[in-house]
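The numbering of the sequence shown is my numbering, which starts it at 2 and goes up by one. First the structure, in the form of structure tokens, and then the observations on it.
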Amino acid sequence: MSVLHVTAECYPAAKVGGLADVVGAVPKYLSGADVIMPKYGTAWFRNQTTETIFKNTFWFPGQTIEFSIQTLTSTDLGFTLFVVDIPSKFDRDGVYSDANGFFADDDERWLCFQRAVLIWLSSSNLPYTVLHVHDHHTGLIPFMIKYSYDYSNLQSLKTVLTIHNLAYQGAFGWDRQYLLAAFDNWKSGLLDWDHHINPLASAIRCADWVTTVSPSYLEELKEDAGGLEWLFNSEQHKCSGILNGIDTTIWDRATDKYLAKPQTTSLDQFKLDNKIELCKQLNVKPSNCIVSFIGRMVEQKGADVLAYAAHQILQTQSDVNIVILGTGDPYLEDQFKILKEQYPGLTGITLAYDESLAHQIYAGSDFLIMPSRHEPCGLNQLYSMRYGTIPIVHNTGGLIDSVKDYKTSGGTGIKLKELSVKSVIDGIKEAAAIYKDSKLFNQLRENCIAEDFSWEASSKKYQYIYESLND
Ligand code: ADP
């Protein structure tokens, strides 16, 4: 049995969020799993040496698309990474956007990528028995394998869809149906949702198995999925939630290459050393309790609520530092810029994507806050616990499954029962109080690092699905 992951992101080649971390890690824990993704015009790809193994063209409205499939010859990622080079669509400085904003031709880009992958598979004698697709960018593959005439020799391949975030579905109008390879029109209902072609909804119907990145997220989607909840109920016989793991070879306190002070002795010393480094870098007081946020500045992550709550906290308390790393909605970025100007010395605000600083924040903070409205899994809380930083989370999705209330035995974090400005303020105040109770604080840190979120267990669940589908 051999599996090909088809994805828009894969760490370290291209990362925007958790999708990259997952696809860059799972194949290392599964035997016979490879990955294929687009070749972007970003710095990482420019530094790679590649070998072309396949070339072809296909007709796309108004143009002939030339593409090649390449392997990387200079980098050992722990699995084989294939890249699809389609210069006219992907040779740009970003995955979904660049300095000028989001790409306007996204539906064309993802269709070109998916069709190139299917042409390669259908023209070559490859060992794959399962195609594992991720999110809407690759969501039309299960349909096209079953119903597009050009790929009929792939019909025996099994498909698995993993939903990393249902908020993005990639829908486009039926007037653009011509972007897909010609298909059996009797089956067009399997593409339709709400009078649009909806790649994610189509994949939920057409894939042989569907997973979400945590069990609780799947349960929530049956109740509230932005209109798709009916689909999660009707397809529940082939759906399961598998909690994401983390790549423990990268997220290792003793060897993390981004940390100035990796762990050599006790956890206490590791935390102290990294907190001092972080405070120096961000110019905040090390004696204060550091509460950090890392992530996309969008409403899904509750960044709006956090900005407002942080203002209120900093007005009344001088024993808390708020550290923020993120980019996103310009309005929300402005809120944090104002916070930075208003409270110098109490805030460390970085409006950028910075992998290295993210690692330093996980290591040097006391608490990490995630006031997410929805959280399919969330990786930040897993990284923070691994680095001895106590999570403060809204009790939703994967945060339900991965953080234990600190008031229970073996507890690891503060759980906010509802998402409101008041509950976020209360959560931060609770954190400041725990920080002063060194016995409890140290116990919670120890509980956090004792948790095992390695991929060992979760990858076996994927393996089981692949094997069951091939039985
Ligand atoms: P999502 O995929 O919804 O954005 P996840 O919690 O699943 O959220 O994954 C987020 C990943 O992206 C984590 O690895 C986090 O550290 C990283 N990340 C998010 N924003 C930034 C940023 N501004 N700089 C560096 N890393 C970031």
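Backbone N, C-alpha and C fix where the C-beta goes; we use that ideal spot for every residue, glycine too. Computed from a predicted model, the values in this text were never measured in an experiment.
Coarse secondary structure for residue i, derived from DSSP in three states
i, result
"W175", "helix"
"E52", "strand"
"I243", "coil"
"H197", "strand"
"G102", "strand"
"V23", "helix"
"Q71", "strand"
"T317", "helix"
"I401", "helix"
"V118", "helix"
"W252", "coil"
"Q64", "strand"
"L333", "helix"
"C11", "strand"
"D406", "strand"
"L473", "Nothing can be reported for residue 473: it is not among the residues displayed for the chain, which extend from 2 to 472."
Residue i to residue j span [Cα, whole Å]
i, j, result
"I142", "L119", "8 Å"
"S460", "L78", "17 Å"
"N57", "M38", "17 Å"
"I164", "Y436", "37 Å"
"L158", "E419", "43 Å"
"L82", "S3", "14 Å"
"N245", "Y218", "12 Å"
"W45", "H197", "35 Å"
"H137", "R446", "37 Å"
"A433", "H395", "17 Å"
"A105", "G18", "20 Å"
"S125", "R177", "29 Å"
"Q382", "C449", "10 Å"
"Q71", "L191", "32 Å"
"D151", "R116", "10 Å"
"Y344", "D402", "35 Å"
"V7", "F294", "30 Å"
"Q282", "D355", "14 Å"
"L268", "D320", "23 Å"
"N199", "F144", "11 Å"
"L132", "T348", "46 Å"
"K29", "E224", "34 Å"
"H375", "L127", "39 Å"
"L326", "R297", "9 Å"
"A311", "V425", "9 Å"
"I393", "Q318", "18 Å"
"Y463", "G95", "30 Å"
"S385", "S455", "14 Å"
Residue span of the beta strand (DSSP E) that contains residue i, given as start and end
i, result
"D86", "82–86"
"M38", "34–39"
"P392", "391–395"
"K159", "159–164"
"L180", "Segment: none, L180 is in no beta strand (DSSP E) and carries neither H nor E."
"L5", "4–7"
beta-carbon residue i near the ligand NAD non-hydrogen atom, thresh 6 Å
i, result
"D402", "The model depicted lacks the ligand NAD and carries the ligand ADP instead."
Residue range of the unbroken alpha helix (DSSP H) whose run includes residue i
i, result
"V211", "First-last for V211: 210–213, but that is the beta strand (DSSP E), not the alpha helix (DSSP H)."
"L192", "Unbroken run through L192: none, as it is neither H nor E."
"R387", "381–387"
"P216", "216–224"
"N234", "230–235"
"R47", "44–47"
- Item | alpha helix (DSSP H) runs contained entirely in the region 338–374, provided each spans 4 or more residues | Along the length of the region 338–374, whole alpha helix (DSSP H) runs at least 4 residues long occupy 356–365, reported in chain order.
- In chain order, which continuous runs of the alpha helix (DSSP H) of length 4 or greater are located wholly inside the region 122–157? 142–148
- Item | Stretch-stretch touch, CB-based, cutoff 8 Å, three pairs: the region 350–370 with the region 276–294 | yes
- For the region 255–312, list the alpha helix (DSSP H) runs that are entirely contained and at least 4 residues long, ordered along the chain. 268–283
- Report the residue ranges of all alpha helix (DSSP H) runs contained in full by the region 415–468; include only those spanning at least 4 residues, in chain order. 422–437, 439–451
- Task: State whether the region 370–386 contacts the region 299–306, with contact taken as three or more CB pairs (one from each stretch) at a distance under 8 Å.
- Result: yes
- Given 8 Å as the limit, is there contact between the region 177–196 and the region 103–117, that is, 3 or more CB pairs closer than that? yes
- Message: For the region 199–216 against the region 236–251, do three or more pairs of beta-carbon atoms, one drawn from each stretch, fall closer than 8 Å, so that the two count as touching?
- Response: yes
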